[in-house]
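Each remark here refers to the structure printed beneath this line.
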Amino acid sequence: MAYRSPSVPSSEITPKSVYLRRREFLAGAVAAGLIGVSGAPVGAEALKASRGPYATDEKLTSLEDVTTYNNFYEFGTGKTDPASNSGNFKPKPWRVKVDGLVSKPTEFDIDELIAQMPLEERIYRMRCVEAWSMVIPWTGFQLSELLNKVEPLSSAKYVAFETVVRPDEMPGQQGLFQPLDWPYVEGLRLDEAMHPLTILAVGLYGETLPNQNGAPIRLVVPWKYGFKGIKSIVRISLVDKQPPTSWNMQNAREYGFYANVNPEVDHPRWSQATERRIGEDGFFGSGRRKTLPFNGYGEQVASLYSGMDLKVYY
Ligand code: MTE
Numbered sequence: 193m194a195y196r197s198p199s200v201p202s203s204e205i206t207p208k209s210v211y212l213r214r215r216e217f218l219a220g221a222v223a224a225g226l227i228g229v230s231g232a233p234v235g236a237e238a239l240k241a242s243r244g245p246y247a248t249d250e251k252l253t254s255l256e257d258v259t260t261y262n263n264f265y266e267f268g269t270g271k272t273d274p275a276s277n278s279g280n281f282k283p284k285p286w287r288v289k290v291d292g293l294v295s296k297p298t299e300f301d302i303d304e305l306i307a308q309m310p311l312e313e314r315i316y317r318m319r320c321v322e323a324w325s326m327v328i329p330w331t332g333f334q335l336s337e338l339l340n341k342v343e344p345l346s347s348a349k350y351v352a353f354e355t356v357v358r359p360d361e362m363p364g365q366q367g368l369f370q371p372l373d374w375p376y377v378e379g380l381r382l383d384e385a386m387h388p389l390t391i392l393a394v395g396l397y398g399e400t401l402p403n404q405n406g407a408p409i410r411l412v413v414p415w416k417y418g419f420k421g422i423k424s425i426v427r428i429s430l431v432d433k434q435p436p437t438s439w440n441m442q443n444a445r446e447y448g449f450y451a452n453v454n455p456e457v458d459h460p461r462w463s464q465a466t467e468r469r470i471g472e473d474g475f476f477g478s479g480r481r482k483t484l485p486f487n488g489y490g491e492q493v494a495s496l497y498s499g500m501d502l503k504v505y506y
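Per this note's numbering, the sequence shown starts with residue 193, numbered consecutively.
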């Protein structure tokens, strides 16, 4: 597979006719009963959740856009690849290991975990480093709730996350040329991980996560660029040093560990001052929205970084 930088959002270089054919394909898939009318995979289960804090009254991005315009390189580098190529992926049964510098290392079965966690709906803006954004109603729980269960030791300073490796089910992991090293890995500082805005999502639009969005469990950190939101997590480890992260290893000059949304720090190849909200006009010119510091969550999170030069720690 040829490497394609995230600077080239594939749907934006895909001719419109191909995109329209994709819509026809989706309609066909609905007719064939492979996916629901909404675009969610058949078999998605409803999740009971209370309404959580931090919701925005901005218009939600449509379920179709949320589930057909994705980045999930394990299924291919094109925006529609994850929806098209993830049909054979099996998000159940699933176990998540939480280990490292903790008193009670534990391996959780996903169904048992979901049953014991206080699920909330969190409506968050998501800002991709590629300068597009969405508003997504997630269902999930605070990562802090899970970390508290395993009791981090005082030596734990960071949290490292790992995605599953399953070339048999993930076509993007097959072949000689891979866009990233697998497993996809991500990390947070422990205080970022414990922040109430940081969630593990197990659903969106009130149902279990579609494969293409990171089933059965993925990270959501709304003040950071989307690539921090690692999908299909199998391991969470508490560690004492800053862990390696996939995009930083791929290109350290372009993708930092912190990756806080910051309109004042441009990507080396494009501006981060504005963004295109998916479903709205704004690829060029006046339809674009201004990007907000910390993606609009500065009031909640800016204090985590007091004393840090965010132009250096991008
Ligand atoms: N997680 C894994 N394992 N693999 C990926 O390629 N892409 C990241 C992130 N999580 C990615 C991943 C990027 S670049 C973005 S913008 C978001 O997932 C996209 O999430 P979405 O497709 O649900 O919108």
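Glycine included, C-beta positions come from ideal geometry on N, C-alpha and C.
Which residues DSSP lists as bridging residue i, in chain order
i	result
THR248	In DSSP, THR248 forms no bridge with anything.
TYR350	ARG381, VAL431
PHE300	VAL288
ALA238	GLU399
TYR316	ILE328
ILE409	Beta-bridge pairing links ILE409 to no other residue.
GLN186	Residue 186 is absent from the model: the chain starts at 193 and stops at 506.
TRP462	HIS459
THR355	ILE425
GLU446	Answer by DSSP bridge pairing: none, since GLU446 is not bridged.
Residue i - DSSP class collapsed to helix/strand/coil
i	result
GLY364	helix
TYR505	coil
SER295	coil
LYS439	In the sequence under discussion, the amino acid at residue 439 is Trp, which differs from the Lys named in the question. Note: TRP439 maps to helix in three-state DSSP.
LEU212	Confidence at LEU212 is low in this model, with a pLDDT of 33, below 50, so the placement of that residue should be treated as unreliable; the coordinate-derived value is given next. In this structure, LEU212 counts as helix in the three-state DSSP scheme.
PHE486	helix
PRO274	helix
LYS416	strand
GLU322	coil
GLU467	strand
Cβ separation of residue i and residue j, assumed to be a contact under 8 Å, to the nearest whole Å
i	j	result
ILE402	ALA236	One detail in the question is off: residue 402 reads as Pro in this sequence, not Ile. Between ALA236 and PRO402 the Cβ distance is about 7 Å, and since that is below 8 Å, they are a contact.
GLY471	THR253	5 Å
GLU140	LYS289	Outside the modelled stretch of the chain, which goes from 193 to 506, sits residue 140, for which no answer is possible.
ARG314	ILE391	6 Å
PHE264	GLN404	6 Å
Nearest to residue i (by Cα), restricted to the options the options
i	options	result
GLU456	LYS503, GLU491, PHE419	LYS503
GLY332	VAL356, LEU305, VAL351	LEU305
ASP301	PRO310, GLY292, GLU312, ARG287	ARG287
ASN454	PRO436, TYR417, PRO388, GLU361	TYR417
LEU338	SER346, VAL351, TRP330	VAL351
ASP291	GLN464, VAL431, LEU496	VAL431
ALA494	GLN464, HIS387, GLU312	HIS387
PRO245	LEU389, LEU239, GLU491	LEU389
MET441	TYR397, ASP257, LEU411, GLY379	GLY379
PHE449	VAL377, PHE264, ASN405, SER347	VAL377
ARG319	VAL357, ARG480, GLY279, ALA307	ARG480
beta-carbon residue i near ligand 3 non-hydrogen atom, thresh 6 Å
i	result
LEU389	Only ligand 1 can be found as ligands here, which leaves ligand 3 out of the picture.
| request: Give every residue whose Cβ lies closer than 5 Å to any heavy atom of ligand 1, listed in chain order. | output: The set, ordered by position in the chain, is ASN262, ASN263, PHE264, TYR265, CYS320, THR355, TYR376, ASN405, GLY418, PHE419, GLY421, ILE422, LYS423.
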